[in-house]
Amino acid sequence: MDFDTMTALEAAEKIKQRQISTTDLVKQVFDQIEKKEGKVHAYLDLYKKDAFARAKEVQKGIEEGRYRGPLAGIPIAVKDNICVKGKKTTCASKILGNFVPQYNAEVIHRILDAGMILIGKTNMDEFAMGSTTETSAYGPTKNPWNLSHVPGGSSGGSCAAVAAGEAWLALGSDTGGSIRQPSSFCGVTGIKPTYGTVSRYGLVAYASSLDQIGPVGKDTADCAALLEILSGKDEKDGTSLNRRDTGFSEELSDTVMGVKFGVPLEYLSEGLSEPVKKAFMDAIKLLTAHGAIVDFFSMKTTEYVIPAYYIIACAEASSNLERFDGVKYGFRARDYEGLHDMYKKTRTEGFGEEVKRRILLGSFVLSAGYYDAYYLKALRTKALIKKEFDQAFSDYDILLAPAAPYTAPRIGESLKDPLSMYLGDIYTVAVNLCGLPGITVPCALDVKGLPVGIQMIGNCFQEKKILRAASAFEKFRGAFPRPEMGGACL
Ligand code: GLN
167 MDFDTMTALE AAEKIKQRQI STTDLVKQVF DQIEKKEGKV HAYLDLYKKD AFARAKEVQK
227 GIEEGRYRGP LAGIPIAVKD NICVKGKKTT CASKILGNFV PQYNAEVIHR ILDAGMILIG
287 KTNMDEFAMG STTETSAYGP TKNPWNLSHV PGGSSGGSCA AVAAGEAWLA LGSDTGGSIR
347 QPSSFCGVTG IKPTYGTVSR YGLVAYASSL DQIGPVGKDT ADCAALLEIL SGKDEKDGTS
407 LNRRDTGFSE ELSDTVMGVK FGVPLEYLSE GLSEPVKKAF MDAIKLLTAH GAIVDFFSMK
467 TTEYVIPAYY IIACAEASSN LERFDGVKYG FRARDYEGLH DMYKKTRTEG FGEEVKRRIL
527 LGSFVLSAGY YDAYYLKALR TKALIKKEFD QAFSDYDILL APAAPYTAPR IGESLKDPLS
587 MYLGDIYTVA VNLCGLPGIT VPCALDVKGL PVGIQMIGNC FQEKKILRAA SAFEKFRGAF
647 PRPEMGGACL
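Residue 167 is where the sequence shown starts when you use my numbering, and the numbers rise one by one after that.
Structure follows, in structure tokens:
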């Protein structure tokens, strides 16, 4: 059986037809993990024993008609900032190194109710702060297409696991691009839903007004099916929405005839590397060849999205991360004198450089005297950015953008210069500031054989529109190679 080219939906169908069993699938995943994990390091924790036990239970449940959903029996990996009851949830930080939650995140309840099988926790940038998965306290994940390159971040472990065939599907979280950018770097598909679509209950907060959990998978249909499972009102999350339009997998399409796409001209200026520009323009040609209308227009607020995002995200992070003080959770420094010294040493030893930088920046912009000049101004800027997107969506159905200005950088290249790493988030952060849905779909390989993704951005609640266009684009593009087939290192 060729599992490489099979999607999760197809595998689940084969389980229903009794052509394969849930145990076959779990065994196949752990075989892949055994073969590749030593090189890729996508996971921080694996639940091999539990997964085999769960496979048996799910198989029975499917046979007895208790699990009828389209992804029943499918193994899934979970980013390590999502709480799983009784399992370590570290956020790739030393400060949560021994933290074991007493409860499941809402999304975990949902995937278990759907008959899916948890296989482990994936690596990430510490507290989801970063774009390369190198800020993990437990070492970087490698890009399965080329092991000397990063997988992107912060959901780099989830995207690398799916790309390497070490997971059929995965959960990521996206605060400023952390699903869409690593999906682009790893040649997989990832969705950031409209803010409020997926409950954040049990997601360790980075920047609460921006965070959303979303699916990572082999293609649009798999991601749409998983998003459908994840979505829905949750009383435990005050920002969760009661949407009635979450039948995301119902209307996937193979046409873009007459769909109006807009491309912000500013996205094509200096920062964009030649290989990504070429892949992006080729993708546009493919869409227009199939009847799409693609226009270029100016998004004047583009230059402000990075400063606005980093001020707001760091402000919220500095407040959210106050709770890690050595008393309530996880790690506590060994030697200290008195309470204040304990706080100080615990946080000094427990947090990595990037997290500290953001706590400092966030505390600064929130401090009396600077609040108006930075934080308030950033909120006002966010409102202007949103206004410009509203205007764009009155003219276009979908906006097209690269997911990142370049393909996956080499390991070690980005950490030297945090500011230029921040600038790499230029095409993704506005989506979070405005609460919009976005999807990344693989579109090409660069000359080095590294994947490039195209991003489709919809207006709030327009997931179906972007999913339809993304699935049509996949059909025009044809099958995308897998790392092994591309002749890379695995
Ligand atoms: N790279 C961005 C940041 O570091 C986005 C991270 C994310 O979406 N979690 O803030």
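C-beta: ideal position from N, C-alpha, C; glycine also.
Between the CA atoms of residue j and residue i - distance to the nearest angstrom
i      : j      : result
ILE564 : THR421 : 14 Å
SER374 : CYS257 : 15 Å
LEU616 : ALA610 : 8 Å
ALA336 : LEU313 : 20 Å
THR363 : ALA391 : 14 Å
ASP461 : LEU376 : 28 Å
HIS456 : PRO575 : 33 Å
SER415 : ARG634 : 9 Å
CYS600 : GLY624 : 11 Å
ALA539 : ARG524 : 18 Å
ALA567 : LYS552 : 17 Å
ALA654 : VAL493 : Summary for ALA654: the model assigns pLDDT 49, below 50, so the residue's position carries little reliability, and this model does not support an answer.
ASP388 : ILE240 : 11 Å
GLY413 : ILE277 : 16 Å
Classification of residue i by the beta-carbon crowding that lies within 10 angstroms, buried from 16 upward
i      : result
TYR536 : exposed
THR355 : buried
ARG234 : exposed
ARG546 : exposed
ASN408 : exposed
HIS506 : exposed
MET447 : exposed
GLY578 : exposed
GLY343 : buried
VAL429 : buried
Spatial neighbours of residue i in its chain, beta-carbon cut-off 8 Å, leaving aside the 5 residues before and after
i      : result
TYR372 : ASN247, PHE293, ALA294, MET295, SER339, THR341, ALA479, GLU482, ALA483, ASN486
ALA177 : PHE169, ILE186, LEU191, GLY239, ILE240, TRP334
Three-way DSSP call (helix, strand, coil) for residue i in this model
i      : result
ALA390 : helix
THR606 : strand
PHE639 : helix
GLY331 : coil
GLY323 : helix
HIS207 : coil
LYS358 : strand
ARG410 : coil
PRO473 : helix
MET622 : strand
HIS506 : helix
GLN378 : strand
GLY516 : helix
PRO584 : helix
THR288 : strand
PRO348 : helix
LYS552 : helix
PHE265 : coil
MET651 : Any answer about MET651 is weak, because its pLDDT of 41 lies below 50 and its placement is not dependable; what the coordinates show is given next. In the structure shown, MET651 sits in coil (DSSP, three-state: anything other than H, G, I, E or B).
ASN309 : strand
THR173 : coil
Proximity test, Cβ basis, 8 Å: residue i and chain B
i      : result
ASP170 : Absent from the structure is chain B; it holds one protein chain and no more.
Cut-off 7 Å between Cβ atoms - residues of its own chain near residue i, not counting five sequence neighbours on either side
i      : result
TYR588 : ILE472, TYR476
ALA208 : THR288, ASN289, THR307, GLY323, ALA326, ALA327, ALA330, GLU332
TYR304 : LEU210, ALA258, ASN289
VAL597 : LYS358, GLY604, ILE623
THR301 : ASP291, GLU292, MET295, GLY518, GLU520
Under 8 Å between C-beta atoms of residue i and residue j
i      : j      : result
ASP411 : LYS630 : yes
PRO603 : PRO359 : yes
ASP211 : LYS253 : yes
PHE642 : LEU418 : no
TYR562 : LYS444 : no
VAL250 : PRO267 : yes
VAL224 : ILE285 : no
ALA174 : GLY383 : yes
GLY353 : TRP311 : yes
ASP491 : TYR502 : no
GLY516 : LYS260 : yes
PHE497 : THR512 : yes
ALA280 : ILE395 : yes
LEU585 : THR467 : no
ARG366 : THR594 : no
GLY380 : LEU393 : yes
LEU569 : SER350 : Looking at the sequence shown, residue 569 is not Leu but Ala. Cβ distance < 8 Å, so ALA569 and SER350 count as in contact.
Same chain, Cβ closer than 6 Å to residue i, neighbours up to 5 away in sequence not counted
i      : result
LEU526 : none
GLY652 : In this predicted model, GLY652 has a pLDDT of only 44, less than 50, meaning its place in the structure is not dependable enough to derive any value.
PRO608 : GLY353, PRO617, GLY619, PHE646
LEU431 : PHE462, SER464
ILE199 : GLU332
Closer than 7 Å: residue i CB and nearest the ligand GTP heavy atom
i      : result
SER302 : Ligands in the displayed structure: the ligand GLN; the ligand GTP is not one of them.
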